[in-house]
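In the numbering used here, the protein residues as written are 18 to 239.
Note that the Cβ used here is the ideal one computed from N, Cα and C, for glycine as well.
Written out as C-alpha cells, the structure is:
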C-alpha cells in the first residue's frame with residue numbers, strides 16, 4: 018500500500034511539474050499546438066490573398082482623362098466581395114516582428130486563422146475606424162506583445178488597392194463589455210486589440226494608430 022501511495026505521489030508531482038512547464042512556456046512564448054494549426058491557416062490565407070490581389074487590381078487606363086475610382090470606392094467594392102473568413106490584407110508591425118494575414122470577422126473560428134477585422138468597422142480607405150482583434154497566447158499569438166507598442170511605431174496594412182501606413186499614437190484599456198470602442202473617434206485610424214491581462218478576457222488592450230500615408234498600387238495586374 019505504501020508503494021502505491023508513493024507512486025501516486027510521484028505521478029502527481031511529475032504531472033504538476035509538466036503542467037507548470039506548459040503554462041510557463043505558453044506565458045513566455047505561445048501554445049505550440051495551436052501555433053501549428055495557425056501556420057497552416059496563414060499559408061492558405063496568403064495564397065488565397067495573392068489570388069484576390071490578381072482579381073481585384075484593375076489595369077491602368079492609358080487615357081488620363083478617365084477618372085480612376087477613389088480609394089474609398091475601391092475599399093467599399095472590395096468589402097462587398099469579402100465574406101467572413103476571407104483574407105483582407107497583410108498587416109506588418111515591425112516593433113512586434115509581425116507580418117501576418119488579416120481575415121474578415123472576429124468570431125471564434127475566424128480568429129483561429131489570424132487577426133480579424135471587426136465587421137462593424139471599416140476597411141482601410143473607408144475613412145473611419147479599422148478595428149483588428151487578435152489572440153495573445155494561442156493560434157500564433159499575433160498580438161502577444163501588443164503592450165510593447167510605443168507612440169511613433171510604424172504599422173502598415175497592405176490591401177489590393179494600396180498600402181496604408183499608420184503611426185501608433187497611444188493605447189487604452191477597457192472592459193470587455195465596452196463595445197462603444199467600435200464606434201471610432203470620427204477619423205480614419207487603425208486599432209489593434211487583444212485580451213488584457215494575458216490569459217484573461219476581462220479587459221481589452223487597444224493600441225491606436227493614425228493614418229500617415231497611402232502608397233498606391235504601382236504594378237497592377239490586368
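Your pair residue 105 and residue 145 does not check out as a contact, with CB atoms roughly 16 Å apart and the cut at 8 Å. With contacts defined by Cβ atoms closer than 9 Å, residue 133 and residue 182 do not form a contacting pair.
Residue 219 and residue 203 have their C-alpha atoms spaced approximately 27 Å apart. For residue 53, the enclosing alpha helix (DSSP H) starts and ends at 49-73. One thing to note: residue 209 has its Cβ within 9 Å of the Cβ of residue 150. In this chain, residue 215 is not harboured by any beta strand (DSSP E), its DSSP state being neither H nor E. Contact between the segment 88-98 and the segment 159-174 is not established, with fewer than three Cβ pairs separated by less than 8 Å. About 5 Å separates the beta carbons of residue 153 and residue 211, which is inside the 8 Å limit, making them a contact pair.
A direct Cα-Cα distance of roughly 31 Å separates residue 199 from residue 49.
Residue 217 and residue 196 have their C-alpha atoms some 18 Å from each other. With a threshold of 16 other beta carbon atoms within 10 Å, residue 130 meets it and is buried. Around the beta carbon of residue 187, a 10 Å sphere encloses fewer than 16 other beta carbons of the protein chains shown; the residue is thus reported as exposed. Per DSSP, residue 156 is not a residue of any beta strand (DSSP E), being assigned neither H nor E.
Its Cα nearest to that of residue 205, the residue 148 stands out among 118, 116, 148 and 87. Excluding residues up to 5 positions away in sequence, 156 and 157 lie with their Cβ nearer than 6 Å to the Cβ of residue 55 in the same chain. Nearest to residue 201 by alpha-carbon distance, out of 71, 137 and 173, is 137. For residue 143, the closest of 190, 89 and 70 by C-alpha to C-alpha distance is 89.
For the options 179, 235, 102 and 168, the alpha carbon positioned closest to that of residue 127 is the one of 102. Taken through DSSP and simplified to helix, strand or coil, residue 146 comes out as coil.
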